[in-house]
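**Q** Below you will find the structure I want to go over with you.
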Amino acid sequence: MLSFDFDYYQPKSIEEAVQLYHALDREEKHPLYYSGGTEIITLGRLDLVYTNAVIDIKAIPECEVLGTQEGYFVTGSGLTLTAIEENNGFPLLSKAASGVADHTARNKITVGGNICGQIFYREAVLPFLLTDSKIVAAGMNGVRTEHIMSLFNKTLRLKKGELLVQLQTEKRYLNVPYRCVKKRPQWDTGYPLVTIAAIKAEEGIRVAFSGVSPFPFRSREMEKALNENGRIKERILASLQHLPKPVLDDVEGSSEYRLFVLKNTLFDILRELEEDHR
Amino acid sequence: MTAERSLSAVLNVNDEERAVHLKPTDTLLFVLREKLGLSGAKPGCLNGDCGACTVNIDGLAMKSCLMLAVESLNKKITTIEGLKGTPIQQAFVEHFAFQCGYCTPGFIMNCHAMLNTVPDANDDTIAEWLNSNICRCTGYQEIEGAVRSIVKKNQMNRKRP
Ligand SMILES: Cc1cc2nc3c(=O)[nH]c(=O)nc-3n(C[C@H](O)[C@H](O)[C@H](O)COP(=O)(O)OP(=O)(O)OC[C@H]3O[C@@H](n4cnc5c(N)ncnc54)[C@H](O)[C@@H]3O)c2cc1C
Ligand code: FES
Ligand code: FES
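Protein chains in written order, with the numbering used here: chain G, 1184 to 1461; chain D, -18 to 142.
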């Protein structure tokens, strides 16, 4: 049970959704876009989210697109992680999505909700960071397209009332060698101790992380160190100098243990990717 | 577009049209249990972790504590009360796949959705789907055994000319 009441809206177009958001905001209803709604419901129950109006985006056609369009693979923000996993048009994204929560919960959790949510793992963003994907966001001034690396810094920096509509990934990235490894403290579902996603791009290996810090990130400094000449172990140690500090230290695992797992996992991923001569 | 603080709705539950008065904040789990008297879906964690509240929505397994009842309008809701004598129910009995039974409706609804979607699920698929539910008193082996027995039957039926 939630301790507050909200109105429920289901707009059918981007314009309607955005205008609604601003009208409800002027009425001080603290509106929220509602995608899978799982975070709004679960954190709302704990009074960690509050709203008097939710705007369900699942009837907006642009938010439900999944497939290639003019050189890009387009992922609608309102798609469930299961839908993405089963489509498998972007294998790295399918792999990252399939590690989130559990199979049934993924029938409800959406990619847009995962990326915009408060729960800081946001594992579904890693493939988009690695592939320099574009963000399509809609606001009162219309729709804008931006590179994710310029908009994602710990969280997705949308303007107030902006709706994440889609993510666009260049097709050339869909078939590059990749790895996505999620290490949990125990069991086969749940939050990560460390999740590492990596691709082998033309210029070298790219890496992005969740669970290491209280935000997901891709570090160009770490990539530079990892792509130098030298033994893998030394390159990893050099790259760790650029890790955002402090490393998470919580019930999922101590920072020392996280670093230990991170080093070993990164070692395996680098070795495999460097041997992958596709 | 609609804005409703409280609405009269008709939900399609177990192939019946059920009229109900609900608030947009009501979860489907709450409406099923408290307003429709269908107490088969169980409240456990209310946080999406345990799977005790699992129902089927248009054939998909869904944790009803993670869904608002308004989201289920115009969808086909199936709860454990809507399953009558299905092979997986029988298999749970034959394989002693429960003790206290609290988690059982959720497990059965998840297995039912899986067997309809992937009738010849392999062990990895079974493990992946079953990981969505938690049982606190019986072993998972019996539950897996029950599911595998149906998969085996499905495979044998397919082989028959
Ligand atoms: C059982 C369970 C297990 C989980 N395990 C994991 C895990 O292993 N890894 C992980 O990374 N996460 C995990 N999570 C967290 C989950 O991914 C996030 O809570 C996510 O926000 C849920 O997505 P949703 O679509 O339900 O979000 P919603 O509840 O719909 O939205 C979350 C937030 O994002 C905003 N939002 C949603 N869509 C948009 C949009 N298109 N534009 C702008 N803002 C938007 C909403 O306003 C809200 O503030 C888990 C959650 C649950 C319930
Ligand atoms: S009560 Fe819904 S998952 Fe636990
Ligand atoms: S049989 Fe008791 S919780 Fe599963």
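All residues carry an ideal CB built from backbone N, CA and C; glycine is no exception. The structure displayed is predicted, hence computed values, not measured ones.
For F1398/G and K1337/G, I'd like the C-alpha separation in whole angstroms.
**A** So the two alpha carbons sit approximately 5 Å from each other.
**Q** Could you say which of K1317/G, A1380/G, V1232/G lies nearest to G1254/G if we only look at CA atoms?
**A** Looking at the Cα atoms, K1317/G is the closest of the given residues.
**Q** Given 8 Å as the limit, is there contact between the stretch 1217 to 1224 of chain G and the stretch 1291 to 1300 of chain G, that is, 3 or more CB pairs closer than that?
**A** Yes, they touch.
**Q** Which residues mark the beginning and the end of the beta strand (DSSP E) in which R141/D is found?
**A** Segment: none, R141/D is in no beta strand (DSSP E) and carries neither H nor E.
**Q** Return the residues of the stretch 82 to 94 of chain D that lie within a Cβ-Cβ distance of less than 8 Å from chain G, sorted by chain order.
**A** Residues N91.
**Q** Assuming I131/D contacts A72/D (C-beta within less than 8 Å), just tell me the rounded distance between them.
**A** So it is a contact: roughly 5 Å between Cβ atoms.
**Q** Are the C-beta of N1270/G and some C-beta of chain D separated by less than 8 Å?
**A** Not closer than 8 Å to any Cβ of chain D, the Cβ of N1270/G fails to qualify, so no.
**Q** Just to confirm the assignment, what range does the alpha helix (DSSP H) spanning C1299/G have?
**A** Note, C1299/G: alpha helix (DSSP H), 1294 to 1299.
**Q** To the nearest whole angstrom, what separates the beta carbons of S1393/G and R1289/G, a pair I think is in contact under 8 Å?
**A** That belief does not hold up - the Cβ atoms of S1393/G and R1289/G are roughly 16 Å apart, past 8 Å.
**Q** For the beta strand (DSSP E) that Q1252/G lies in, which residues bound it at each end?
**A** Where Q1252/G is concerned, the enclosing beta strand (DSSP E) stretches over 1249 to 1252.
**Q** Compute the distance between the beta-carbons of N112/D and H1286/G, then report whether it is under 8 Å.
**A** Cβ atoms of N112/D and H1286/G: closer than 8 Å.
**Q** Going by beta carbon distance, what residues of the same chain come within less than 7 Å of V99/D, once the five residues before and after it are set aside?
**A** Taken in chain order, the residues that qualify are T106.
**Q** Less than 7 Å separating the Cβ of D146/D from some heavy atom of ligand 2?
**A** Past the edges of chain D, shown from -18 to 142, lies residue 146/D, and the structure says nothing about it.
**Q** Assign S1260/G to buried or exposed, taking buried as 16 or more other Cβ atoms, counted over all protein chains shown, within 10 Å of its Cβ.
**A** Answer is buried; the Cβ neighbour count reaches 16.
**Q** Let me make sure I understand the geometry here. Which of R1340/G, Q1349/G, E1386/G, L1341/G has the alpha-carbon closest to that of P1360/G?
**A** Here the closest residue by C-alpha is E1386/G.
**Q** Listing by chain order, which chain G residues have their CB less than 8 Å from the CB of R(-14)/D?
**A** Near R(-14)/D (Cβ distances below 8 Å), the residues of chain G are D1188, D1190.
**Q** Along chain D, in chain order, which residues have C-beta atoms closer than 7 Å to that of D1285/G?
**A** The contacting residues are N112, S113.
**Q** Which residues, in chain order, sit with a beta-carbon under 5 Å away from any heavy atom of ligand 3?
**A** Matched residues: F79/D, Q80/D, C81/D, Y83/D, C84/D, C116/D, R117/D, C118/D, T119/D.
**Q** With DSSP collapsed to three states, give me the class of C116/D.
**A** Coil at C116/D, not helix or strand.
**Q** Starting from L(-12)/D, follow its DSSP beta bridges and name the residues at the other end.
**A** Answer by DSSP bridge pairing, in chain order: L3/D.
**Q** Would DSSP call V1308/G helix, strand or coil?
**A** The answer is helix: DSSP assigns V1308/G an H, G or I state.
**Q** Spell out whether any CB of chain D is found under 8 Å from the CB atom of H1288/G.
**A** At residue 1288/G the sequence reads Ala, which differs from the His that was named. It does; some Cβ of chain D falls within 8 Å.
**Q** Under the rule that 16 or more other beta-carbon atoms within 10 Å means buried, what is A0/D, buried or exposed?
**A** Classification of A0/D: exposed, given that the 10 Å Cβ count is below 16.
**Q** Does any heavy atom of ligand 1 sit closer than 7 Å to the C-beta of I1415/G?
**A** No - ligand 1 has no heavy atom lying nearer than 7 Å to the Cβ of I1415/G.
**Q** Going by DSSP, what residue range makes up the beta strand (DSSP E) through Q1351/G?
**A** Its beta strand (DSSP E) spans residues 1346 to 1353.
**Q** Rounded to whole angstroms, what's the CA-CA distance from R1389/G to L1275/G? Just pull it up for me.
**A** So the alpha carbons of these two residues sit roughly 13 Å apart.
**Q** In terms of alpha-carbon separation, which member of L1346/G, F1311/G, R1209/G lies closest to G1325/G?
**A** Out of L1346/G, F1311/G, R1209/G, L1346/G has the C-alpha closest to the C-alpha of G1325/G.
**Q** Just to make sure I have the definition right: I need the residues of chain G whose C-beta is within less than 8 Å of the C-beta of A42/D. Which are they?
**A** Residues of chain G passing the Cβ test: H1286, T1287, N1290.
**Q** Under the three-state reduction of DSSP, which class applies to A78/D: helix, strand or coil?
**A** Coil.
**Q** Once DSSP output is grouped into helix, strand and coil, what is the label at D1433/G?
**A** Three-state result, D1433/G: strand.
**Q** Between L27/D and chain G, is there a C-beta pair that is closer than 8 Å?
**A** At least one chain G Cβ lies under 8 Å of L27/D.
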